[in-house]
Ligand code: ATP
Ligand code: MG
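In this note's numbering, the protein residues as written are 304 to 721.
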C-alpha cells in the first residue's frame with residue numbers, strides 16, 4: 304500500500320485530549336477515527352491490525368474445536384425478560400421499533416445462543432458443543448474512555464460451550480484457558496490470570512485475563528514471572544510476597560481486562576429449558592460456560608504495552624504491515640530517478656516474496672516527517688532509500704525497536720529479509 308493514497312494519513316499533531324497511549328497513537332497515526340465518545344471507525348491501517356488479532360483468535364479457537372457462527376446484534380426483548388436481565392443490566396441499549404416492539408442491542412449473547420444451541424441439542428451425543436462469533440457489541444457505558452479500551456460500541460469474540468457433565472465442562476474450560484494464553488502471547492501480551500468473582504452470574508468459577516499497563520482500570524497483584532495474579536480488593540497476597548505459583552516476587556500493578564471466562568452452570572440453560580437425554584435415558588439440563596475476548600480492546604492493549612514516546616512498536620503478528628519502505632527524494636533528477644527505480648523495485652519484489660509493505664512514496668513530506676511517521680506507525684522494519692544510501696549502493700535498514708540503522712547492499716536486501 305502506498306502512503307500517498309492511504310485513507311487516514313498520520314497527522315503531525317497528537318489529539319489534545321488523548322488520555323492514553325492507544326488513544327493518542329491510534330488517532331494520530333490514522334488507524335481509527337473517533338466518531339463520537341466511545342465510538343470509532345476503523346481505518347485501513349487500524350483494520351489490518353484488528354484483522355490480525357481476529358485471525359489469531361480464529362486459528363486458536365478453531366484448533367480447540369469451536370465452531371464459528373454469527374448471531375444477530377438485535378436481540379429479542381422477550382428472551383432478555385426470560386433471563387430477568389431486561390431491567391437489571393444497566394448498560395443495555397434498548398431499541399424501539401416503529402411496530403411498537405422493542406429490541407435489545409446485544410451487549411453479550413447468552414440470550415441468543417442458549418435457545419439457538421438448545422434447538423440442536425437433544426441427546427448426550429449432541430454434547431459437548433462450542434460455538435463462537437466475532438461481532439460488534441453495544442454497551443451504554445456511563446463513561447467511555449481510554450481510546451478503544453472502553454467503548455460504547457466495540458468488538459468482542461464470544462464463545463459459548465455446552466456440556467453433559469461438570470467434569471467435561473472443566474476439561475474444556477482449561478483447554479480454552481490455555482488457548483487464551485496462546486492468543487495473547489501471539490499478540491505480544493503475557494496475560495495474567497485473575498481468579499474472579501462471577502459478576503452478574505451465579506457461577507462456579509470465573510477467570511479474568513489482564514494485560515499489565517498503567518492505562519488499566521483494575522488494581523492487581525501480579526507475578527512478573529508467571530501468569531499468577533489476584534485482584535487487590537480480594538487478594539490473599541500482597542506486593543512483595545513470593546508468588547504462590549512460582550516463588551518470584553509479586554508486584555502491585557494496573558491491569559486491563561482483555562478476556563473473561565465463566566462457568567455458568569445451568570443458569571441460562573435452565574431458564575431456556577434446554578434438556579438432553581443422558582446415557583441412562585434420563586432428561587438432564589446441560590451445563591454451560593462462556594468465554595469473552597475484547598478484540599478491539601486487545602488492539603488498544605497491544606498499543607499500551609508496545610510503544611515508546613515516538614509511537615507504536617507493533618508485535619510482528621499484529622503489525623498492519625511488516626515493512627515500512629521510505630523513499631527520500633533528491634533534487635538531482637538522475638539520483639531521483641534511481642531512488643524511484645530502486646524503491647519501486649523493492650516494493651514489488653518484497654511483496655512478491657510475501658512481505659506486507661507500506662511505501663511512504665509521498666513527494667510532499669519532509670525527511671523529518673517521514674521518519675517521525677515511520678516511528679509513529681510502528682511497523683517492525685523500516686527500509687530507507689535515499690541519495691545517501693545509494694551512494695553506498697544500498698538501503699538503510701532499521702528495526703522499529705532499534706536505535707541505529709545499518710546499510711544493506713542492494714544485492715543483499717532480499718536475502719537479508721528472507
Ligand atoms: P469491564 O469490567 O472492563 O467493564 P466486563 O467485565 O463488563 O468488562 P465482559 O462482559 O466480561 O466485560 O466482556 C468480555 C470482554 O469484552 C472483556 O473482557 C473486555 O475485554 C471486553 N469489553 C467489555 N466491555 C468493553 C467496552 N466497553 N469496550 C471495549 N471492550 C470491552
Ligand atoms: Mg469481564
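Heads up, the beta-carbon is just placed ideally off N, CA and C, and yes, glycines get one too.
- About 5 Å separates the beta carbon of residue 566 from that of residue 592, a gap short enough to meet the 8 Å contact definition.
- Taking 7 Å as the cut-off, the C-beta of residue 560 counts as close to a heavy atom of the ligand MG.
- Residue nearest to residue 626 within the set 599, 600, 686, 584 is 686 (criterion: CA-CA distance).
- With contact defined as three or more Cβ pairs closer than 8 Å, the segment 612-629 and the segment 483-494 are in contact.
- Counting C-beta pairs with one atom in each stretch, the segment 394-413 and the segment 425-432 have fewer than three that are closer than 8 Å, which means they do not touch.
- When DSSP reads this structure, residue 499 sits in a beta bridge with 509.
- Taking C-beta atoms as the reference points, residue 467 and residue 575 fail to come closer than 8 Å.
- The DSSP assignment places complete beta strand (DSSP E) segments of no fewer than 3 residues inside the segment 588-660 at 590-597, 626-630, in order along the chain.
- For residue 562, there is no enclosing alpha helix (DSSP H); the enclosing beta strand (DSSP E) has its first and last residue at 553-568.
- In this structure, 516 is the residue among 516, 542, 715 with its C-alpha nearest to the C-alpha of residue 561.
- Sequence-distant partners of residue 360 (beyond 5 residues in either direction) whose C-beta falls short of 7 Å from its own C-beta, in its chain, are 437, 460, 486, 596, 598.
- Nearest in C-alpha terms to residue 523, of all of 692, 494, 383, is 494.
- Sequence-distant partners of residue 353 (beyond 5 residues in either direction) whose C-beta falls short of 8 Å from its own C-beta, in its chain, are 345, 458, 598, 599, 602.
- For residue 364, the closest of 571, 325, 480, 548 by C-alpha to C-alpha distance is 480.
- The segment 541-552 makes no contact with the segment 380-394, as fewer than three CB pairs between them are under 8 Å.
- Within its own chain, the residues whose Cβ lies closer than 8 Å to the Cβ of residue 374, once the five positions on either side in sequence are excluded, are 409, 412, 415, 416, 419, 436, 438, listed in chain order.
- Excluding sequence positions up to five before and after residue 478, its CB lies within less than 8 Å of the CB of 367, all in the same chain and listed in chain order.
- Nearest neighbour of residue 529 by Cα position, chosen from 690, 536, 554, turns out to be 554.
- Annotation for residue 688: 630, 642, 645, 646, 698 place their beta carbon closer than 6 Å to its own, counting only its chain and skipping 5 residues before and after.
- Using a Cβ distance threshold of 8 Å, residue 329 and residue 349 count as a contacting pair.
- Annotation for residue 482: 363, 364, 366, 367 place their beta carbon closer than 8 Å to its own, counting only its chain and skipping 5 residues before and after.
- Separation of residue 376 and residue 456 (C-alpha to C-alpha, rounded to the nearest whole angstrom) is 11 Å.
- In this structure, the alpha-carbon of residue 681 lies about 40 Å from that of residue 474.
- Using a Cβ distance threshold of 8 Å, residue 449 and residue 322 count as a contacting pair.
- Secondary structure note for residue 461: its beta strand (DSSP E) is the uninterrupted segment 456-466.
- Sequence-distant Cβ neighbours of residue 709 in its own chain, meaning closer than 8 Å and more than five residues away, are 699, 700, 701.
- Following the DSSP letters along the chain, one finds residue 420 inside the alpha helix (DSSP H) bounded by residues 413-421.
- Residue pairing by DSSP leaves residue 316 without any beta bridge partner.
- Inclusion of residue 369 and residue 606 in the CB contact set at 8 Å is not warranted, their separation being larger than that value.
- One alpha carbon belongs to residue 656, the other to residue 719, and they sit about 12 Å apart.
- For residue 670, the three-state secondary structure derived from DSSP is helix.
- The C-alpha of residue 320 lies about 49 Å from the C-alpha of residue 469.
- For residue 682, DSSP records no beta bridge to any residue.
- The Cβ atoms of residue 472 and residue 590 lie closer than 8 Å to each other.
- For the pair residue 674 and residue 716, the CB atoms are not nearer than the 8 Å cut-off.
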